[in-house]
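For the protein sequence lines, the chains are A and B, in the order given.
Okay, so the first sequence: first residue is 1 according to this note's numbering, each after it adds one.
Okay, so the second sequence: first residue is 1 according to this note's numbering, each after it adds one.
These notes concern the structure reproduced below.
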Amino acid sequence: MNWPVAPILLPLFTALAALFWGRPGVGRRSLVAGSAAAQLAVSLGLVCATLEGRIFVLGLGAWPARFGIVLVVDLLSALMLALSTLVALASVLYAYAESPTRAEHPLRAPLTQFLVMGINLTFCTGDLFNLFVAFEIMLIASYALLTLEADDWDIKHAFPYVGINLFGSALFLSACGLTYALFGTLNFAQIALRAAPCADDPRLWVLALLLIVVFGIKAGLFPLYYWLPNSYPTLPIPTSALFAGMLTKVGVYVLLRIFGTVLPHELAFAHTLLAVMGGATMLLAVMGAIARNFIRGILSFHILSQIGFMVLAIGLFTPLSVAACILYIIHHIVVKSSLFLIGGVAMRLNGTDDLERMGNLWKRTPWLGALFLCQALSLAGLPPLSGFWGKYLIVVAGLEQAQYALVAVSILASILTLFSMVKIWNGAFWTGSDRVPVRTSDWRWRAMTAVVAGLTCVSLAIGLGAEGVVQIAIEAAERLLDQHAYADAALGFLGKTAANPIP
Amino acid sequence: MSLETAVLVGVMFSVATYLVLQRSFVRILFGFLILTNAANLVLLAMSGRPDGKRGPVVLDPSAPMVDPLPQALILTAIVIGFGVAAYLVFLLYRLFLDQKTTNAADLYEEPESNS
């Protein structure tokens, strides 16, 4: 079955077609939007197929799995694919609603598709070096998007992002080399089989720490996150929603994959380190959010704070907490992207995103206010919205492990999250003097709000249908932690040799 | 041979870290270039001692062959590193044109208007 390659090839071909199409126009826009919808459809199909217990394995070039690169799509990968293509579709549609064709930068659509290709390859790959290549595709596209429509001030804040990611790439490359020296393979499944007996080997500990640093930079963990809160607000709104929703979550996904499927489960010190780093991240980042007074800045710090919750759940490392992490990722990607988009609509209506100079939005546009309230309370974790269930499961898992301090920190961080969401609500929606203008004459904000409403419906469905989503997350966590089933499936691909011809 | 490579890689990583933390754009750029090459050298060292082995080309099937995989990996890494280095040069040049300085400390000194 060749389906795992579709979420990678579709964005690639779309990007190339959009590049050669030339000037942005209605035709090019419908091509990109159609492709984004097709990617979402393929990913949802993969989710349905993997829910039944299948694991898709595709050996590129029909080499046997031991020698060639394999793409492996299990339930978690399929879920992440569906989320990334959903956010990409929303971002594309929002960009179309936001600006007319003549104001669109001709390179934005192709670069966004290259970015989606890199993200999807990260989720599909079953090979460490291929993961490095996927990261580089994603990072180079993100560097280009970050500086594409930037002014002087933006460029200045792009530099730390590029610098720290270059450092991360060099460390990742060294980690690949050390893995190859230790295990003689870069295939996830084979590393899992060969690493299982040497959980006590200090060399494996060093490798685990190196991987935590590499993916911690990418995810934005506590000592390594200073690049994020200044660089994300400089992006155009649709691109920033895609970055905020997906890029840091790629780091979390890889941490899940590496510690759940690849490395042995006995690395207790690494798990404890992850849990403590997660706790520190959620508290310090939420304090950073309180100190900010413009919407995108506040939301950027909240990305980090929420990453802390997910990494804390990985660090607790029980099947329940891993399921909680997966549930939290599902909730967070949808909510965070839609909050960035709502911030964009509010910015357009008020002409600024400085909370001091905003206001009156609730009076003039109550629907937008309702959408914001729904997503903001979900982010803070009020029942029955989607954020509550993830946090509830994390707290339960933490109490089971008797990690009372970390549980207390996570509840404190939730309350502070609620506080800073109320700050946005008060500043932009509830209050405001009569002199604050609300420009509702332009029809475009209605189309933009419609896109956000679609994402909010998905998020509400996750919250109200929590029973089913929790079941899926538990299922995904069980499959993720079942190293033998993964190895059997991935190494079962024998390729096209004389002994086993592929029909 | 392995020990010398290890020492060389260590020296390169420390020199690169030192340079990246400097203020001058040119030093930062060279720091990143050395960093990429240090990582490439780590990869190359993973194919083991080359003594008495032939290159990964089939001419004389009797002698043992050096492991070809790290060399394939390093080729990919060099190409990616080259592209990123070209991007970094242009980013630093654009920063110089915008801010009229090549001192990284000057960039972030002034009070930010928006935060």
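From the three backbone atoms N, C-alpha and C, an ideal C-beta is built for every residue, glycine too.
Remember, it's a predicted structure, so these values are computed and weren't measured experimentally.
With 9 Å as the threshold, decide whether the Cβ of residue i is near any Cβ in chain A.
i: B/Asn40; result: yes
i: B/Met65; result: no
i: B/Val57; result: no
i: B/Ser113; result: Since pLDDT at B/Ser113 reaches only 49, below the 50 mark, its modelled position is unreliable, and the value read off the structure follows with that caveat. Yes, its Cβ sits closer than 9 Å to a Cβ of chain A.
i: B/Thr76; result: yes
i: B/Pro68; result: no
i: B/Phe32; result: yes
i: B/Leu35; result: yes
i: B/Leu88; result: yes
i: B/Gly10; result: no
i: B/Ala105; result: no
i: B/Tyr18; result: no
i: B/Gln99; result: yes
i: B/Arg54; result: no
i: B/Arg27; result: no
i: B/Val7; result: no
i: B/Val84; result: yes
i: B/Asp51; result: no
Classify residue i as helix, strand or coil using the three-state DSSP reduction.
i: A/Met80; result: helix
i: A/Leu93; result: helix
i: B/Asp98; result: helix
i: A/Phe56; result: strand
i: B/Asn103; result: strand
i: A/Phe317; result: coil
i: B/Asn40; result: helix
i: A/Asp354; result: strand
i: A/Asn293; result: coil
i: A/Ser433; result: coil
i: A/Gly398; result: helix
i: A/Ile227; result: According to the sequence displayed, residue 227 of chain A carries Trp and not Ile. Note: A/Trp227 maps to coil in three-state DSSP.
i: A/Ala498; result: Confidence is the limiting factor: at A/Ala498 the pLDDT is only 48, short of 50, which leaves the residue's position unreliable, though a coordinate-based value still follows. It is coil, neither helix nor strand.
i: B/Pro70; result: helix
i: A/Glu475; result: helix
i: B/Tyr87; result: helix
i: A/Leu267; result: coil
i: A/Arg66; result: coil
i: A/His484; result: helix
i: A/Asn165; result: helix
i: B/Thr82; result: A small correction: the amino acid at residue 82 of chain B is Phe; Thr does not occupy that position in the sequence shown. It is helical.
i: A/Thr85; result: helix
i: B/Tyr108; result: coil
i: A/Met246; result: helix
Tell me residue i's beta-bridge partners as DSSP assigns them.
i: A/Leu71; result: A/Leu58, A/Thr125
i: B/Met65; result: B/Arg54
i: A/Asn360; result: In the DSSP output, where bridge partners are listed per residue, A/Asn360 has none listed.
i: A/Asn187; result: A/Asp127
i: B/Ser24; result: B/Asn103
Is the shortest distance between the beta-carbon of residue i and the beta-carbons of chain B less than 9 Å?
i: A/Ile415; result: no
i: A/Leu494; result: no
i: A/Gly177; result: yes
i: A/Lys156; result: yes
i: A/Asp152; result: yes
i: A/Gly163; result: yes
i: A/Ser169; result: yes
i: A/Leu393; result: no
i: A/Glu136; result: yes
i: A/Ile140; result: yes
i: A/Val180; result: Reading off the sequence, residue 180 of chain A comes out as Tyr, not Val. Cβ-Cβ to chain B under 9 Å: yes for A/Tyr180.
i: A/Tyr232; result: no
i: A/Val407; result: no
How close, in whole Å, do the beta carbons of residue i and residue j come, if the pair is a contact with beta carbons under 8 Å?
i: A/Trp362; j: A/Trp430; result: 6 Å
i: A/Thr85; j: A/Gln113; result: Not really, about 11 Å apart at Cβ, beyond 8 Å.
i: A/Leu71; j: A/Gly126; result: 6 Å
i: A/Ala397; j: A/Ala313; result: 7 Å
| query | Are there three or more Cβ pairs, one per stretch, closer than 8 Å when the region 116 to 127 of chain A is compared with the region 137 to 144 of chain A? | reply | yes
| request: Decide if the region 395 to 405 of chain A is in contact with the region 333 to 340 of chain A; the criterion is three or more beta carbon pairs, one per stretch, under 8 Å apart. | output: no
| query | Do the region 148 to 158 of chain A and the region 179 to 187 of chain A make contact, defined as three or more Cβ pairs closer than 8 Å? | reply | no
| query | Are the region 53 to 60 of chain A and the region 21 to 41 of chain A touching by the rule of at least three beta carbon pairs closer than 8 Å? | reply | no
| said: I'd like to know if the region 248 to 264 of chain A and the region 88 to 103 of chain A are in contact, where contact means that at least 3 CB-CB pairs between them fall below 8 Å. | reply: no
| query | Counting Cβ pairs closer than 8 Å, one from the region 71 to 82 of chain B and one from the region 205 to 212 of chain A, do we hit at least three? | reply | no
| query | Taking contact to mean at least 3 C-beta pairs separated by less than 8 Å, is the region 215 to 225 of chain A in contact with the region 163 to 179 of chain A? | reply | yes
| message | Assess contact between the region 89 to 103 of chain B and the region 20 to 27 of chain B, defined as three or more Cβ pairs (one per stretch) separated by less than 8 Å. Is contact present? | response | yes
| query | Touch check for the region 348 to 357 of chain A and the region 265 to 285 of chain A: three-plus C-beta pairs under 8 Å? | reply | no
| field | Contact the region 12 to 26 of chain A vs the region 101 to 111 of chain A: 3+ CB pairs below 8 Å | value | yes
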